[in-house]
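A.B. asks: I'd like to ask you about the structure that follows.
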Amino acid sequence: MKRLIGILPLILLLGCESIGPQAQSSTQTSTIPNDPAVIAKGAKVFKYKCSACHSMDPNKSQFFGPHLANIFNREIATIEGYTFPETTKQHDIVWTESTLYEWLENPQKMVKDMCLPFTGLPKQEDRDALMAYLKYGG
């Protein structure tokens, strides 16, 4: 009985360790609103700020940029069939909600010389709307 009591904390610790990350990932929720009005505004932001270089169609990329379909949780520079500059490939970025939001605010600070015509979206409202469009509307 003493042996069982002695190893019980170890068993509990290992058990908690193995379910910890799974529990965390399943409880993480999106901060992006799934609101039709916000998504519609995001579609307009995309049209005027992104569509000259990017598409939301996963089967095609525009002249200057890769498609942005399913961008969330994708590693930077990993679209098959699109040639990324070596400087972009050197970054270790996964497009999570937080990294994408940071990039939309100030792209050159995050990845110098990537997407040079785009200098960011200074208005939080525009960033929020574009994020909703990318996540739910595209």
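Quick note, the sequence shown lines up with residues -23 to -1, 1 to 115 if you use mature numbering (1 follows the signal peptide of the UniProt record, and there is no 0).
Using N, Cα and C, we set each Cβ at its ideal position, and we do this for glycine too.
It should be emphasised that the depicted structure is a prediction, and the values quoted were computed from it without experimental measurement.
Name the residue from Glu52, Gly115, Lys89, Glu74 whose alpha carbon lies nearest to the alpha carbon of Thr8.
C.D. replies: In the sequence shown, residue 8 corresponds to position 31, counting from 1. Nearest option by C-alpha distance: Glu74.
A.B. asks: Between the Cα of Gln67 and the Cα atoms of Lys24, Ile53, Ala109, Asp105, which residue gives the shortest distance?
C.D. replies: Start at 1 with the first residue of the sequence shown, and residue 67 comes out as number 90. Closest option to Gln67, Cα to Cα, is Ile53.
A.B. asks: Using a Cβ-Cβ cut-off of 7 Å (strictly less than) and excluding sequence neighbours within five positions of Asp103, which residues of its own chain qualify?
C.D. replies: Counting from 1 along the sequence shown, the entry for residue 103 is found at position 126. The answer, listed in chain order, is Val22.
A.B. asks: When the Cα atoms are used, what is the spatial distance from Ile56 to Ala14?
C.D. replies: To locate residue 56, count along the sequence shown from 1; it is residue 79. To locate residue 14, count along the sequence shown from 1; it is residue 37. If you take the alpha carbons of Ile56 and Ala14, they lie about 30 Å apart.
A.B. asks: For Met33, which option in Leu93, Arg51, Ala46, Val71 has the closest C-alpha, if you only look at C-alpha atoms?
C.D. replies: Stepping through the sequence shown from its first residue, residue 33 is reached at position 56. The shortest C-alpha separation from Met33 is found at Ala46.
A.B. asks: Quick one: residues in its chain with C-beta nearer than 7 Å to the C-beta of Thr64, no 5 flanking neighbours on either side, listed in chain order?
C.D. replies: Mapped onto the sequence shown, residue 64 falls at position 87. Closer than 7 Å at the Cβ level, and outside the excluded window around Thr64, lie Asp90.
A.B. asks: Using three-state DSSP, classify Glu57 as helix, strand or coil.
C.D. replies: Position 80 of the sequence shown, counting from 1, holds the residue named residue 57. Note: Glu57 maps to coil in three-state DSSP.
A.B. asks: Check Val71 in the structure and name its three-state DSSP category.
C.D. replies: The residue you call residue 71 lines up with position 94 of the sequence shown. Correct three-state label for Val71: strand.
A.B. asks: What do you get for Asp69, buried or exposed, if any count of 16 or more other CB atoms within 10 angstroms of its CB means buried?
C.D. replies: Sequence index remark: in the sequence shown, residue 69 carries index 92 (1-based). It counts as exposed.
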